[in-house]
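Inspection log for the structure reproduced underneath, given as structure tokens.
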Amino acid sequence: MVDFSKVRAIDFHTHAEEACGCHADDGYDELQSTMAKYFGAPWAHPPTIDETAAHYREMNIAAVIFPVDAERETGYRRYDNYEVADACAKNDDILIPFASIDPHKGKLGAREARDLVENHGVQGFKFHPTMQGFYPNDRMAYDLYEAIAETGKPALFHTGQTGVGSGMRGGNGMRLKYSNPMYIDDLCVDFPDMPIILAHPSFPWQEEALSVATHKPNVYIDLSGWSPKYFPPILVRYANTLLKKKMLFGSDWPMIAPEKWLNAFDKAEFRDEVRPLILKENAMRLLGVSD
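Going by UniProt numbering, the residue at position 261 of the sequence shown is 261; the numbering climbs one at a time, nothing skipped.
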């Protein structure tokens with residue numbers, strides 16, 4: 001298990017990719033290479049889980065890592081959650097496994113979620129409404145949410161527009177409307193005890209995200225997908241004040257390396273007393289490893 005007393009930070013947003021690399025037959029390689037170009041990432045194809053673990057071990061940073069199950073909407077084969085959990089178990093000194101299940105799988109997905117937590121060490125779940133093609137408050141997803149809420153594990157939702165699909169014809173078929181964080185407000189009412197993370201600065205809905213996180217006690221925000229030098233001033237202001245115990249460091253690896261994010265974070269206008277909360281303490285509390 002991760003020795004949280006020794007790592008210098010917890011990256012709450014990293015992506016798992018299969019060992020075989022990109023999938024030339026289903027278009028996934030084009031999506032990944034286009035995103036890499038958008039973010040200026042230095043790799044030819046995404047790093048494997050083992051390679052990710054080695055990098056984070058070298059940086060002395062723990063990482064929450066997950067795949068994205070969007071095969072129904074995109075046609076891209078999902079990275080099996082059980083394979084991800086097994087790979088993370090081999091690197092459990094540095095990696096914290098989350099899973100991803102398309103909510104359209106209903107009761108089948110709910111059963112998988114329970115099993116992953118009970119028998120495979122999964123610590124949370126990732127949703128990507130833009131890639132998965134659903135509104136987060138669609139009742140279709142509630143069987144899965146109920147299962148996750150029963151486990152007490154957090155649910156992390158992509159919000160706003162980041163680099164996924166950017167510059168591709170038709171945005172690669174991905175509709176931004178699904179990732180407005182205001183749709184997640186319904187979940188906060190219906191599942192008030194399920195920890196929820198709004199991933200990314202939620203452009204163009206930043207104020208909606210801040211409103212939900214301020215109003216609902218169970219909501220956090222991870223700061224991944226953007227360099228801190230581009231954060232809107234209102235996000236920094238809330239991070240320094242009202243939401244200082246609800247903000248989480250996240251890079252969006254492998255598109256943004258943690259050291260690159262941290263270098264920009266050092267130069268951004270965050271208060272000294274808030275920095276350790278964002279980098280580690282808030283995440284430890286959310287993961288249930290501190291009070």
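In this text, a Cβ means the ideal position worked out from N, Cα and C, and glycines have one as well.
Report the rounded CA-to-CA distance for residue i versus residue j, giving the unit in angstroms.
{"i": "V219", "j": "L210", "result": "10 Å"}
{"i": "F12", "j": "E112", "result": "22 Å"}
{"i": "V117", "j": "F127", "result": "16 Å"}
{"i": "F249", "j": "W226", "result": "11 Å"}
{"i": "I101", "j": "G160", "result": "20 Å"}
{"i": "D80", "j": "A70", "result": "12 Å"}
{"i": "H104", "j": "A141", "result": "7 Å"}
{"i": "F265", "j": "S251", "result": "11 Å"}
{"i": "R139", "j": "V64", "result": "27 Å"}
{"i": "M1", "j": "E207", "result": "37 Å"}
{"i": "F157", "j": "I197", "result": "6 Å"}
{"i": "residue 292", "j": "P67", "result": "Residue 292 is absent from the structure shown; the chain starts at 1 and stops at 291."}
{"i": "T52", "j": "L262", "result": "17 Å"}
{"i": "P217", "j": "T130", "result": "25 Å"}
{"i": "F98", "j": "F270", "result": "28 Å"}
{"i": "F4", "j": "L277", "result": "14 Å"}
Going by C-alpha distance, which of the options is nearest residue i?
{"i": "E58", "options": "V122, A9, F249 and E281", "result": "A9"}
{"i": "Y56", "options": "F66, A85, N91 and E83", "result": "N91"}
{"i": "R72", "options": "G133, D115 and Y82", "result": "G133"}
{"i": "P195", "options": "A257, Q123 and A89", "result": "Q123"}
{"i": "V164", "options": "V274, H200 and K153", "result": "H200"}
{"i": "P154", "options": "H45, S224, I96 and P228", "result": "I96"}
Quick one: give me the first and last residue of the alpha helix (DSSP H) that residue i is part of.
{"i": "H200", "result": "Where H200 is concerned, there is no enclosing alpha helix (DSSP H), given that its DSSP letter is neither H nor E."}
{"i": "D115", "result": "G106 to H120"}
{"i": "K267", "result": "P258 to K267"}
{"i": "T74", "result": "E71 to T74"}
{"i": "L235", "result": "P233 to N240"}
{"i": "L95", "result": "Note, L95: premise wrong, no alpha helix (DSSP H); beta strand (DSSP E) at L95 to P97."}
{"i": "R271", "result": "Element bounds for R271: n/a, residue is neither H nor E."}
Which residue comes first and which comes last in the beta strand (DSSP E) that contains residue i?
{"i": "D222", "result": "V219 to D222"}
{"i": "V64", "result": "I61 to F66"}
{"i": "A147", "result": "Taken as a continuous stretch (DSSP letters only), A147 belongs to no beta strand (DSSP E), being part of the alpha helix (DSSP H) at Y142 to T151."}
{"i": "I10", "result": "A9 to H15"}
{"i": "P129", "result": "Element bounds for P129: not the beta strand (DSSP E) but the alpha helix (DSSP H), P129 to Q132."}
{"i": "A155", "result": "A155 to H158"}
Contact check, residue i vs residue j under 8 Å by CB: the rounded distance?
{"i": "A283", "j": "L243", "result": "Wrong, their Cβ atoms sit about 14 Å apart, outside the cutoff."}
{"i": "Y145", "j": "F191", "result": "6 Å"}
{"i": "N180", "j": "W205", "result": "5 Å"}
Quiz item: Are there three or more Cβ pairs, one per stretch, closer than 8 Å when the stretch 236-255 is compared with the stretch 173-182?
Solution: no
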